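Worksheet: the structure to be examined is printed underneath.
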Amino acid sequence: ENRVGILVHTSTPSVVFDRHSLEGVDESAPYARRTLCHYATSKIIAEKLVLAANSPHLLTTALRPHLVWGPGDTNLIPRLLARGRAGRLKIVGNGTNLVDIAYIDNVADAHLLAADELATAGRAAGQAFFIAQAEPVNLWQWINTLFAGLDIPRVRARVPFAVAHGAGWLLEMLYGALGRTREPPMTRFVAHQLARSHWFSGARARQILGYRPLVSTQEGLARLQRWLKGEEPCSVPAAAGGSGRGGNRGADA
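Counting in our numbering, the sequence shown tops out at residue 247, every number present.
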(Lines of atoms letter the chains of each structure in order from A and count residues from 1; the text may use other names and numbers.)
(Lines give C-alpha, C1' and ligand atoms only; values in the text may rest on other atoms or scores of the structure.)
Protein backbone atom coordinates (compact mmCIF):
# COMPACT_ATOMS: atom_id res chain seq x y z
CA GLU A 1 0.00 0.00 0.00
CA ASN A 2 2.78 2.43 0.95
CA ARG A 3 5.27 0.96 -1.52
CA VAL A 4 7.75 0.06 1.22
CA GLY A 5 9.85 -2.82 -0.03
CA ILE A 6 12.62 -2.94 2.59
CA LEU A 7 12.45 -3.01 6.40
CA VAL A 8 15.50 -3.03 8.69
CA HIS A 9 14.37 -3.66 12.27
CA THR A 10 16.46 -2.68 15.31
CA SER A 11 16.34 -5.65 17.67
CA THR A 12 18.64 -6.63 20.55
CA PRO A 13 20.74 -9.62 21.71
CA SER A 14 18.44 -9.70 24.74
CA VAL A 15 16.11 -11.84 22.61
CA VAL A 16 18.46 -14.80 23.21
CA PHE A 17 19.67 -13.92 26.73
CA ASP A 18 18.34 -16.70 28.97
CA ARG A 19 19.99 -15.90 32.33
CA HIS A 20 23.25 -17.67 31.49
CA SER A 21 26.54 -16.44 30.05
CA LEU A 22 26.65 -16.39 26.25
CA GLU A 23 30.13 -16.57 24.76
CA GLY A 24 30.64 -16.41 21.01
CA VAL A 25 27.19 -17.75 20.15
CA ASP A 26 25.79 -17.10 16.68
CA GLU A 27 22.33 -16.39 15.31
CA SER A 28 21.32 -20.05 15.57
CA ALA A 29 20.84 -19.52 19.33
CA PRO A 30 17.14 -19.95 20.21
CA TYR A 31 14.97 -17.18 21.57
CA ALA A 32 14.99 -16.96 25.36
CA ARG A 33 12.19 -19.00 26.88
CA ARG A 34 12.28 -17.20 30.22
CA THR A 35 12.87 -13.47 30.13
CA LEU A 36 13.27 -11.22 33.15
CA CYS A 37 11.79 -8.02 31.78
CA HIS A 38 9.09 -6.77 29.45
CA TYR A 39 11.74 -5.17 27.23
CA ALA A 40 13.22 -8.52 26.18
CA THR A 41 9.78 -10.08 25.81
CA SER A 42 8.54 -7.26 23.58
CA LYS A 43 11.70 -7.43 21.46
CA ILE A 44 11.24 -11.17 20.89
CA ILE A 45 7.66 -10.59 19.76
CA ALA A 46 8.69 -7.74 17.46
CA GLU A 47 11.62 -9.58 15.87
CA LYS A 48 9.53 -12.67 15.19
CA LEU A 49 6.84 -10.55 13.54
CA VAL A 50 9.34 -8.67 11.37
CA LEU A 51 11.18 -11.77 10.16
CA ALA A 52 7.93 -13.67 9.57
CA ALA A 53 6.73 -10.78 7.39
CA ASN A 54 9.62 -11.26 4.97
CA SER A 55 8.34 -11.83 1.43
CA PRO A 56 9.21 -10.99 -2.18
CA HIS A 57 7.22 -7.78 -1.74
CA LEU A 58 8.72 -6.78 1.64
CA LEU A 59 12.30 -7.80 2.42
CA THR A 60 12.96 -7.70 6.15
CA THR A 61 15.96 -8.16 8.40
CA ALA A 62 16.71 -7.63 12.11
CA LEU A 63 19.91 -6.19 13.57
CA ARG A 64 20.91 -6.95 17.15
CA PRO A 65 23.32 -4.24 18.34
CA HIS A 66 24.52 -4.76 21.89
CA LEU A 67 24.92 -1.98 24.49
CA VAL A 68 24.78 0.93 22.06
CA TRP A 69 26.86 3.85 23.31
CA GLY A 70 28.49 7.06 22.15
CA PRO A 71 27.93 10.83 21.96
CA GLY A 72 24.29 11.79 22.28
CA ASP A 73 23.39 8.81 24.49
CA THR A 74 20.52 9.62 26.86
CA ASN A 75 20.22 6.21 28.52
CA LEU A 76 23.20 3.97 29.27
CA ILE A 77 26.03 6.48 29.71
CA PRO A 78 24.12 9.07 31.80
CA ARG A 79 23.01 6.35 34.20
CA LEU A 80 26.54 4.99 34.54
CA LEU A 81 27.98 8.45 35.15
CA ALA A 82 25.33 9.37 37.72
CA ARG A 83 25.91 6.21 39.72
CA GLY A 84 29.68 6.49 39.39
CA ARG A 85 29.78 10.07 40.63
CA ALA A 86 27.47 9.19 43.52
CA GLY A 87 29.60 6.18 44.46
CA ARG A 88 26.62 3.87 43.99
CA LEU A 89 28.07 1.62 41.28
CA LYS A 90 29.45 -1.74 42.36
CA ILE A 91 31.03 -4.63 40.49
CA VAL A 92 28.51 -7.47 40.42
CA GLY A 93 30.12 -10.91 40.60
CA ASN A 94 33.83 -11.51 40.03
CA GLY A 95 34.32 -8.66 37.55
CA THR A 96 35.79 -10.80 34.76
CA ASN A 97 32.75 -10.94 32.46
CA LEU A 98 33.24 -10.05 28.79
CA VAL A 99 30.51 -8.22 26.88
CA ASP A 100 29.90 -6.94 23.38
CA ILE A 101 29.37 -3.21 22.97
CA ALA A 102 28.42 -1.23 19.86
CA TYR A 103 29.50 2.35 19.12
CA ILE A 104 26.62 4.40 17.72
CA ASP A 105 28.28 5.27 14.38
CA ASN A 106 28.94 1.58 13.76
CA VAL A 107 25.32 0.72 14.52
CA ALA A 108 24.08 3.37 12.10
CA ASP A 109 26.46 2.09 9.44
CA ALA A 110 25.23 -1.48 9.96
CA HIS A 111 21.66 -0.34 9.30
CA LEU A 112 22.70 1.36 6.06
CA LEU A 113 24.64 -1.73 4.99
CA ALA A 114 21.63 -3.94 5.70
CA ALA A 115 19.33 -1.70 3.68
CA ASP A 116 21.80 -1.67 0.77
CA GLU A 117 22.16 -5.46 0.92
CA LEU A 118 18.41 -5.98 0.83
CA ALA A 119 18.13 -3.61 -2.12
CA THR A 120 20.77 -5.50 -4.12
CA ALA A 121 21.55 -9.15 -3.36
CA GLY A 122 18.82 -9.74 -0.79
CA ARG A 123 20.76 -12.42 1.12
CA ALA A 124 19.95 -10.71 4.43
CA ALA A 125 16.22 -11.15 3.91
CA GLY A 126 14.52 -13.00 6.75
CA GLN A 127 17.67 -13.14 8.87
CA ALA A 128 18.95 -11.61 12.12
CA PHE A 129 22.46 -10.26 12.70
CA PHE A 130 24.52 -9.54 15.81
CA ILE A 131 26.25 -6.13 15.61
CA ALA A 132 29.14 -5.10 17.86
CA GLN A 133 32.71 -3.88 18.04
CA ALA A 134 35.57 -6.02 16.70
CA GLU A 135 36.16 -7.69 20.07
CA PRO A 136 34.26 -7.97 23.37
CA VAL A 137 35.50 -5.96 26.34
CA ASN A 138 35.80 -6.61 30.04
CA LEU A 139 32.74 -4.68 31.20
CA TRP A 140 34.24 -3.24 34.35
CA GLN A 141 37.59 -2.35 32.79
CA TRP A 142 35.71 -0.51 30.03
CA ILE A 143 33.61 1.40 32.57
CA ASN A 144 36.70 2.33 34.59
CA THR A 145 38.52 3.49 31.44
CA LEU A 146 35.56 5.74 30.65
CA PHE A 147 35.52 7.06 34.21
CA ALA A 148 39.27 7.70 34.25
CA GLY A 149 38.97 10.20 31.41
CA LEU A 150 36.25 12.07 33.31
CA ASP A 151 37.89 12.16 36.75
CA ILE A 152 35.30 9.81 38.20
CA PRO A 153 36.62 7.38 40.85
CA ARG A 154 37.23 3.82 39.72
CA VAL A 155 34.63 1.21 40.57
CA ARG A 156 36.27 -1.01 43.18
CA ALA A 157 33.53 -2.18 45.54
CA ARG A 158 32.04 -5.58 44.81
CA VAL A 159 28.77 -7.29 45.56
CA PRO A 160 28.11 -11.02 45.08
CA PHE A 161 25.76 -11.87 42.23
CA ALA A 162 23.36 -13.64 44.59
CA VAL A 163 23.03 -10.49 46.70
CA ALA A 164 22.42 -8.25 43.68
CA HIS A 165 19.92 -10.72 42.21
CA GLY A 166 18.08 -11.02 45.53
CA ALA A 167 17.95 -7.25 45.90
CA GLY A 168 16.60 -6.97 42.37
CA TRP A 169 13.83 -9.47 43.07
CA LEU A 170 12.89 -7.70 46.32
CA LEU A 171 12.82 -4.26 44.69
CA GLU A 172 10.75 -5.54 41.76
CA MET A 173 8.18 -6.95 44.18
CA LEU A 174 8.17 -3.77 46.28
CA TYR A 175 7.81 -1.42 43.32
CA GLY A 176 5.02 -3.58 41.92
CA ALA A 177 3.14 -3.64 45.24
CA LEU A 178 3.43 0.14 45.56
CA GLY A 179 2.32 0.71 41.98
CA ARG A 180 5.51 2.52 41.02
CA THR A 181 6.14 2.79 37.29
CA ARG A 182 9.81 3.78 37.50
CA GLU A 183 12.46 1.10 37.11
CA PRO A 184 13.99 0.05 40.45
CA PRO A 185 17.68 0.86 41.03
CA MET A 186 18.40 -2.88 40.72
CA THR A 187 16.47 -5.62 38.92
CA ARG A 188 17.14 -9.30 38.31
CA PHE A 189 17.74 -8.55 34.62
CA VAL A 190 20.31 -5.85 35.40
CA ALA A 191 22.06 -8.14 37.90
CA HIS A 192 22.46 -10.77 35.20
CA GLN A 193 23.62 -8.20 32.63
CA LEU A 194 26.28 -6.82 34.99
CA ALA A 195 27.60 -10.23 36.10
CA ARG A 196 27.34 -12.51 33.05
CA SER A 197 29.41 -12.66 29.90
CA HIS A 198 27.39 -11.92 26.78
CA TRP A 199 29.22 -11.61 23.50
CA PHE A 200 28.36 -12.97 20.09
CA SER A 201 29.77 -14.10 16.77
CA GLY A 202 29.89 -11.39 14.12
CA ALA A 203 30.63 -13.81 11.27
CA ARG A 204 27.22 -13.56 9.61
CA ALA A 205 27.26 -9.75 9.63
CA ARG A 206 30.76 -9.74 8.12
CA GLN A 207 29.97 -12.30 5.44
CA ILE A 208 26.54 -11.08 4.32
CA LEU A 209 26.43 -7.39 5.21
CA GLY A 210 30.13 -6.68 4.82
CA TYR A 211 30.00 -5.11 8.29
CA ARG A 212 33.24 -3.94 9.90
CA PRO A 213 33.36 -1.45 12.78
CA LEU A 214 34.26 1.96 11.35
CA VAL A 215 35.16 3.33 14.78
CA SER A 216 37.31 1.33 17.20
CA THR A 217 36.46 0.99 20.87
CA GLN A 218 39.47 3.12 21.82
CA GLU A 219 38.56 5.91 19.40
CA GLY A 220 34.91 5.70 20.40
CA LEU A 221 35.81 6.17 24.06
CA ALA A 222 37.96 9.17 23.21
CA ARG A 223 35.12 10.74 21.21
CA LEU A 224 32.62 10.05 23.97
CA GLN A 225 34.86 11.58 26.63
CA ARG A 226 35.41 14.70 24.51
CA TRP A 227 31.67 15.02 23.93
CA LEU A 228 30.90 14.64 27.62
CA LYS A 229 33.40 17.41 28.35
CA GLY A 230 31.73 19.64 25.77
CA GLU A 231 34.76 19.52 23.48
CA GLU A 232 33.15 17.73 20.52
CA PRO A 233 29.65 17.70 18.99
CA CYS A 234 27.84 14.52 18.04
CA SER A 235 29.32 13.11 14.84
CA VAL A 236 27.41 12.12 11.72
CA PRO A 237 28.38 8.60 10.54
CA ALA A 238 29.74 8.17 7.03
CA ALA A 239 27.28 6.70 4.55
CA ALA A 240 27.50 2.97 3.93
CA GLY A 241 28.91 1.86 0.60
CA GLY A 242 30.73 3.95 -1.98
CA SER A 243 33.44 6.46 -1.15
CA GLY A 244 31.84 7.52 2.14
CA ARG A 245 32.49 4.20 3.88
CA GLY A 246 35.78 3.85 5.68
CA GLY A 247 36.55 7.53 6.14
CA ASN A 248 36.28 7.24 9.93
CA ARG A 249 37.85 3.81 10.26
CA GLY A 250 40.03 3.40 13.33
CA ALA A 251 42.24 0.59 14.53
CA ASP A 252 40.38 -2.28 16.16
CA ALA A 253 40.57 -2.22 19.93
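Ideal Cβ positions, reconstructed from N, Cα and C, are used throughout, including at glycine.
Quantities reported herein were computed from a predicted structural model and do not represent experimental measurements.
With contacts defined by Cβ atoms closer than 8 angstroms, G204 and T181 do not form a contacting pair.
If you draw a straight line from the Cα of N100 to the Cα of R198, it comes to about 16 angstroms.
If you draw a 10 Å sphere on the C-beta of Q187, you find 16 or more other C-beta atoms in it, and that means buried. Under the three-state reduction of DSSP output, P72 falls in the helix class.
For V209, there is no enclosing beta strand (DSSP E), as DSSP marks it with neither H nor E.
Taking a C-beta distance under 8 angstroms as the contact criterion, G214 and F141 do not qualify as a contact pair.
Shown here, R198 sits in a helix according to DSSP, grouped into three states. The beta carbons of G89 and W136 sit no closer together than 8 angstroms.
Contiguous alpha helix (DSSP H) elements confined to the stretch 128 to 176 occur at 133 to 142 and 155 to 172, taking only those with 4 or more residues.
With fewer than 16 other CB atoms across the displayed protein chains lying within 10 angstroms of its CB, D20 is exposed.
By the C-beta density criterion, Q201 is exposed, having fewer than 16 other C-beta atoms within 10 angstroms. The beta-carbon separation of T55 and V2, rounded to 6 angstroms, stays under the 8 angstroms limit for a contact.
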